[in-house]
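Okay, so here's the structure we're looking at.
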Amino acid sequence: MEIDTSKMSEGKAAALEIAEAGRDKLNKNFAGDLFFGEADFNKLYPYPTSTATKEGNTFLLKLRKVFEDVDSDAIDREGEIPDEVFKELAGIGAFSIKVPKEYKGLGLSQTDYAKASIITGSNDGNIAALLSAHQSIGVPQPLLMYGTEEQKKKFLPRFADGAVSAFALTEDGVGSDPAQMETVAEPTKDGKHFILNGTKLWCTNGVKANVIIVMAKTPDKNGKPQITAFIVEMNTPGVEVVSRCHFMGLKALYNGIIKFDNVKIPVENIVLAEGKGMKVALNTLNIGRLTLPAICIGLLKQNLKTCREWGSKRRQWGCAIGKHQAIADKIINMTMDLYATEAIVMLTCGMVDSKDREVRVESAMCKMWGTEQAWRATDDTMQIRAGRGYETVSSLKGRGEDPIPVERNFRDCRINLIFEGSSEIMRLILAREALDPHLKVAGKVLDTRLPFKVRAMAALKAGVFYARWYPKQWLPIYKKIPKGIHPSLKPKLKYVQKTSKKLARALFHAMLLGGSKLDKQQLLLGRLAEIGTELFVITASVLRCNEQLKGPSPKVQMVDLVDCIFERSKDKIASNFYRLDNNNDNRNYKVAKKILAKQYQCLETI
């Protein structure tokens, strides 16, 4: 369903139209349905426990072995990952984890890949970023999803030998806005090649890459701008790494500026089809985003271990600091963060492995929630470790202290809230998906570009639909909770069902009040997105706990932890519902515009 862009600025309308053209139709899925008043747990039950493989476990042992010889402090200090580490990673197949065996890869599952990301995230942020950018958004994932057989045979086997890939979209002054993209590719007269010109900024792995995916504008069709994805080999004449970029953290991030000067690319290197680049980018990211929260799980595990040990050993004011309520609260919160992040990520990875589930809503929730919790937990870890948290590893080691890398982790993990779509963008993506069912029902009513008769007929049909749908959001009519759910956990799932209906009503009311201007109320939409995400967090945590209560050695202690997760999420949800109508958004926005207009510039004067 198209969105009415007639009242938008030219730039915003163009960007939205390109992005919408790249969206696949959303099949009904669990997380998306939460915004529509439906919570069908049968779509998720039972919690996946068997999508990891024996080959995956063997690989994970090898990956752990590699990290026994990795000096992460030296990597951070020198800004380089040693060649020996690259060779070891290539030797165990770390650059072709999900590449099928017929293309020399390991052929492992998404769950196996997530577990590998947990290991890298708990050991070294630079190596985690290297493998993530290569495999999640670099050449392997787009080719696995959209590549031709010829493309797969030509490029995928290289990664088994250690070739590195990257993804080039962002541009200076343009960012990721497809409508303003300045990198262009023009077809040659014979139609056999495209000539690529432009410059890409912040291309992670670009400095080390052998082959990359490049997004470029190609000639318009039917008056509509086209974005096309190209496979570009870095040794092609005209490709130049202009400079390497350096950042607050991830000192060994191989991120750079890449220039293309009349680069000749064969048409066989187009991924999917001409003009389908945004579809390639968006759908690749839907899967790729799962890697970042998986990496964050590894970091959360390290944080929890650090704080548990330090909280038990360090004594202040007559007892271990972990027994002081202020510190204990930070420790329980990061424990909840770890359990819940692992629950939502592994559940979503299991859905990917099933190959019959749509996960773009769940993956956006995982990315937003997991990276934000990991950042807060890392901040709390520094607070708990205090001066020792702020001190560098080399300084700690130099005076005989445990070289715990809290300071390095603090610098390294902040980017996770920005990588592959910022937290703010995740909330808008979730809001767009939440609105999707309503746009299918009532989109034509709001589209001022359509003739009056068409809109009137659409209004009649929408009225009939909502006359049936809306009353149901007030009635206690729910899908049956699956058999096998532990009695102590059922009330939590019933809460999700009931609150899902309240969320659906709130979203519908916001649509009625906001109309075509609803997209401008980003804070309101963000609160709705957060409510849906917390409901998903509760669900995944409950289903994971339910599985852990089965078998000969049930982990009964997890029930208490899930109780804590449930109550915390309930508090967040209640706060967001309250702030839908009780907020200072408009006043703050008006003053913010005055600040941008320099009316408060006097405050900047030193």
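Residue numbering for the sequence shown follows the working numbering, starting at 17 and increasing by one per position.
Every residue, glycine too, gets a C-beta built ideally from N, C-alpha and C.
Considering only their Cβ atoms, is the gap separating residue j from residue i smaller than 8 angstroms?
i      : j      : result
Gln489 : Arg521 : yes
Thr127 : Met362 : yes
Leu60  : Phe46  : yes
Arg324 : Ile347 : yes
Gly107 : Val115 : no
Phe210 : Val283 : yes
Val132 : Leu76  : In the sequence as presented, Val is not what sits at residue 132; that position holds Ala. Going by C-beta atoms, Ala132 is nearer than 8 angstroms to Leu76.
Ser585 : Glu550 : yes
Ala145 : Leu266 : yes
Asn432 : Ala393 : no
Leu269 : Ser148 : no
Lys216 : Glu187 : yes
Tyr406 : Val287 : no
Thr67  : Cys365 : yes
Thr244 : Val279 : no
Leu519 : Ile547 : yes
Gly530 : Gln538 : no
Ala184 : Ile281 : no
Thr322 : Arg401 : yes
Ile313 : Glu358 : yes
Leu159 : Gln167 : yes
Assign residue i to buried or exposed, taking buried as 16 or more other Cβ atoms, counted over all protein chains shown, within 10 Å of its Cβ.
i      : result
Ala225 : buried
Met294 : buried
Phe1   : Here the chain has residues from 17 to 622 only, and residue 1 is not among them.
Asn602 : exposed
Val258 : exposed
Val480 : exposed
Gly403 : exposed
Val512 : buried
Tyr63  : buried
Cys618 : exposed
Leu462 : buried
Leu491 : exposed
Pro421 : buried
Lys460 : buried
Gly500 : exposed
Ser22  : Confidence in Ser22 is poor, its pLDDT being 48 and thus under 50, which makes the residue's placement unreliable; the coordinate value appears in the next sentence. Answer is exposed; the Cβ neighbour count stays below 16.
Pro467 : exposed
Asn425 : buried
Ala31  : The predicted model places Ala31 with a pLDDT of 49, which falls under 50 and marks its position as unreliable; any figure quoted below should be read in that light. Ala31 should be labelled buried.
Gly567 : exposed
Arg484 : exposed
Ile434 : exposed
Among the options, which has the Cα closest to the Cα of residue i?
i      : options                        : result
Lys477 : Gln389, Asp395, Gly239, His454 : His454
Gly178 : Lys120, Ser192, Glu187         : Lys120
Pro235 : Tyr270, Gly265, Glu198         : Glu198
Leu523 : Glu563, Gln513, Leu534         : Leu534
Val255 : Trp333, Phe263, Gly272         : Gly272
Lys81  : Ala110, Asn238, Glu96          : Ala110
Asp277 : Lys292, Glu202, Leu565, Gly327 : Glu202
Asp576 : Met527, Asn562, Pro568         : Asn562
Phe623 : Val200, Ala483, Pro487         : Not covered by the structure: residue 623. The range shown for the chain is 17 to 622.
Asn238 : Met250, Gly291, Val190         : Gly291
Met367 : Gly53, Asn58, Glu54            : Asn58
Phe627 : Pro487, Val190, Cys429         : No information on residue 627 is available, as it lies outside the stretch 17 to 622 that the chain covers here.
Ser439 : Val375, Asp452, Ala545, Thr204 : Ala545
Leu212 : Ser181, Met250, Val190         : Met250
Lys495 : Met384, Lys413, Asp56          : Asp56
Does chain D have any CB closer than 8 angstroms to the CB of residue i?
i      : result
Val190 : Of the protein chains in this structure there is only one, and it is not chain D.
**Report entry** Cβ contact check for the region 378 to 389 and the region 291 to 309: 3 or more pairs under 8 angstroms
**Finding:** yes
Query raised in the report: Can you find at least 3 beta carbon pairs, one from the region 306 to 321 and one from the region 138 to 157, that sit closer than 8 angstroms?
Result: yes
Report task. Evaluate contact between the region 336 to 355 and the region 441 to 458, counting only Cβ atoms and requiring at least three cross-stretch pairs below 8 angstroms. Result -> no
Report task. For the region 583 to 594 and the region 88 to 95, state whether three or more C-beta atom pairs, one from each stretch, are separated by less than 8 angstroms. Result -> no
Query raised in the report: What beta strand (DSSP E) runs, 3 residues minimum, are completely inside the region 189 to 277?
Result: 200 to 203, 209 to 220, 227 to 237, 240 to 249, 255 to 260
Report task. Let me know the alpha helix (DSSP H) ranges lying completely inside the region 372 to 414, each 4 residues or longer, listed in chain order. Result -> 376 to 401, 403 to 406, 409 to 414
Query raised in the report: Are three or more beta carbon pairs between the region 149 to 157 and the region 226 to 246 nearer than 8 angstroms?
Result: yes
Report task. Could you name each continuous beta strand (DSSP E) segment of 3 residues or more that falls completely within the region 411 to 472, going from the start of the chain to the end? Result -> none
Report task. Flag this pair as touching only if the region 160 to 176 and the region 206 to 222 have three or more C-beta atom pairs under 8 angstroms; answer yes or no. Result -> no
Query raised in the report: Any chance the region 552 to 561 sits against the region 503 to 512, with 3 or more Cβ pairs inside 8 angstroms?
Result: yes
Query raised in the report: Which residue spans inside the region 151 to 184 form an unbroken alpha helix (DSSP H) run of at least 4?
Result: 156 to 162, 165 to 176
Query - Complete alpha helix (DSSP H) runs within the region 460 to 530 (minimum length 4 residues, chain order) - result: 468 to 488, 506 to 530
Query - Contiguous alpha helix (DSSP H) assignments of at least 4 residues, all confined to the region 530 to 586 - result: 538 to 564
Requested in this report: Quick one: which unbroken alpha helix (DSSP H) runs of 4-plus residues sit fully inside the region 67 to 94? Chain order, please.
Outcome: 70 to 83, 88 to 94
Query raised in the report: Hey, which unbroken runs of the alpha helix (DSSP H) at 4 residues or more fall wholly within the region 276 to 317?
Result: 293 to 304
**Report entry** Runs of alpha helix (DSSP H) wholly within the region 121 to 155 (minimum 4 residues, chain order)
**Finding:** 126 to 139, 141 to 148
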